[in-house]
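In my numbering, the protein residues as written are 9 to 142.
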């Protein structure tokens, strides 16, 4: 018997000065990834200092929103609605923790291609999540 991922409620993100541009991007339907202007490497999460060369010259760039499941866990007993939490490796090379939605939870697999989708949080902020690529 398969388990379908269902919509559930998500708490609103906390917006700080250093992540406000990220959340403004999600409101426009864009997933933004920080890139270092010194060494050129992308990094996640969107902190202002590059974790590779320690430069503070970083900037957001749009992500294509495509990737593959690196690891995942289907959570069935933590609440009334089962869900999948996962690490997704984006084609840009960064790995982010997220939810996999709009899918049969029992059909998920490591290496499976996924694509970006946004879900509204409490208060209306848009959260980046992923669904199996179609």
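For every residue, glycine included, the Cβ atom is placed at its ideal position computed from N, Cα and C.
The structure displayed is predicted, hence computed values, not measured ones.
Nearest C-alpha to residue 101 among 129, 51, 20 and 40: 51.
Under the three-state reduction of DSSP, residue 33 is assigned to helix. Counting only runs of 4 or more residues that sit fully inside the region 21-100, the alpha helix (DSSP H) segments are 28-35, in chain order.
The continuous beta strand (DSSP E) containing residue 124 extends over residues 121-128. Beta-bridge annotation (DSSP): residue 110 is not paired with any residue. Taking the CA atoms as reference points, residue 76 sits about 14 Å from residue 92.
The beta carbon of residue 63 lies closer than 8 Å to those of 44, 45, 46, 47 and 57 in the same chain, with the five residues before and after it left out.
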